[in-house]
Amino acid sequence: VASGDLSAWRDFDIAAALAEVVKMPIYLCNDTSAACGAELVFGAQDKPRDFLYFYIGYFVGGGLVLDSKLYTGKSGNAGALGSMPLAGAAGPQLVDVASLATLEAMLHDAGETRRGSWSDPAAWSFSENIFEQWLDGAAEALGQAIHAAACLIDFDTVMIDGSLPATVRAAIVARCRRYLATQPLPGVTLPELREGTVGSDARALGAASLPLSDRFLVDRDAFLKG
């Protein structure tokens with residue numbers, strides 16, 4: 267679909283249109299912000315009040331929690347971590363490197379069919395050399411994004427989750443820690459890196475809990491137009 271064909275949707279209030287049809291409240295949220303909300307509500311409860319959250323799905327994204335509230339911004343797109351630029355002359359974004367779509371493209375280019383399904387992380391089975399290359403690239407890219415975010419917000423913790431086997435999630439967090447430990451970061455206090463605790467169902471759980479989040483957990487002032 268050409269970008270011009272989608273322009274009419276940019277300012278279309280689909281939530282209001284659906285609410286008019288079904289006569290019920292409609293909640294609209296970015297999928298990775300919803301995943302972040304699931305971590306806030308359903309995840310392990312030893313989290314700090316402020317944390318940054320990455321969710322690695324087919325496309326990587328994220329969310330932001332401030333003062334124990336999901337912060338989505340006036341346009342609902344705060345925490346659009348996939349759009350963060352990375353170092354390099356080509357100017358890639360985080361989404362270009364740390365997404366499962368990137369791993370899929372690497373497998374395709376190597377002539378390898380995808381064994382296992384993105385919908386079933388436990389079924390993953392890939393060539394080790396390709397997988398290791400993707401892991402290293404994703405960890406470095408996430409490290410760059412964390413560094414940039416830490417320059418702006420002095421949060422305590424970064425959580426990384428996704429539609430991933432638990433072993434892969436742990437490997438990404440460990441490699442990201444190692445990458446950051448090698449970088450000169452004067453003037454920046456790096457946050458603690460932790461694994462997310464909800465897993466591959468985070469987006470669905472977060473979406474299902476939107477009415478609860480809207481009433482009790484979302485910073486309502488964040489939705490006000492400036």
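By the working numbering, the letter at position 202 of the sequence shown is numbered 468, and the numbering carries on one by one without gaps. Think of the CB as a built atom: it goes at the ideal place given N, C-alpha and C, for glycine as much as any other residue. Nothing here was measured: the structure is a model prediction, and the numbers come from that model.
What residue range does the beta strand (DSSP E) around residue i cover?
i, result
"aspartate 297", "From DSSP, aspartate 297 is part of no beta strand (DSSP E) but of the alpha helix (DSSP H) over 297-308."
"threonine 423", "423-428"
"glutamate 461", "458-461"
"alanine 388", "386-391"
"leucine 369", "Careful: leucine 369 lies outside any beta strand (DSSP E), inside the alpha helix (DSSP H) at 366-375."
Throw me the rounded Cβ distance for the residue i and residue j pair, which I believe falls under 8 Å.
i, j, result
"glycine 327", "threonine 298", "3 Å"
"leucine 461", "isoleucine 426", "Correcting the residue type first, residue 461 is glutamate in the shown sequence and not leucine. That pair is a contact at about 6 Å."
"alanine 300", "leucine 476", "7 Å"
What is the rounded straight-line gap between the Cα of residue i and the Cα of residue j?
i, j, result
"tyrosine 445", "serine 365", "18 Å"
"serine 493", "aspartate 277", "Missing from the structure shown is residue 493; the chain here goes from 267 to 492 and no further."
"cysteine 302", "glycine 323", "13 Å"
"valine 464", "alanine 310", "8 Å"
"alanine 411", "isoleucine 280", "31 Å"
"leucine 330", "glycine 345", "5 Å"
"aspartate 316", "aspartate 420", "9 Å"
"cysteine 417", "valine 454", "6 Å"
"valine 434", "lysine 335", "28 Å"
"leucine 332", "alanine 367", "30 Å"
"alanine 474", "proline 431", "23 Å"
"tyrosine 337", "asparagine 296", "12 Å"
"leucine 373", "threonine 379", "7 Å"
Could you name the residues of the same chain whose beta carbon sits closer than 7 Å to that of residue i, not counting the 5 residues immediately before and after it, in chain order?
i, result
"lysine 313", "Thr423"
"alanine 285", "Pro291, Ile292"
"leucine 352", "Pro358, Gln359, Leu360, Val363, Ala407, Gln410"
"leucine 401", "Ala437, Ile438, Arg441"
Mind checking which residues open and close the alpha helix (DSSP H) that includes residue i?
i, result
"tryptophan 400", "394-418"
"alanine 281", "280-288"
"glycine 472", "468-474"
"threonine 433", "432-447"
"proline 363", "Correcting the residue identity first, residue 363 is valine in this sequence and not proline. Looking at the DSSP string, the run of the alpha helix (DSSP H) that includes valine 363 is 360-363."
For the ligand ADP, is there any heavy atom lying closer than 7 Å to the beta carbon of residue i?
i, result
"alanine 416", "Only the bare structure without any ligand can be found here, which leaves the ligand ADP out of the picture."
Could you name the residues of the same chain whose beta carbon sits closer than 8 Å to that of residue i, not counting the 5 residues immediately before and after it, in chain order?
i, result
"alanine 376", "Ser393, Ile396"
"leucine 456", "Ile412, His413, Ala416, Leu446"
"glutamine 449", "Gly409, His413"
*Would you say the region 467-479 touches the region 304-313, given that touching needs at least three Cβ pairs under 8 Å?*
yes
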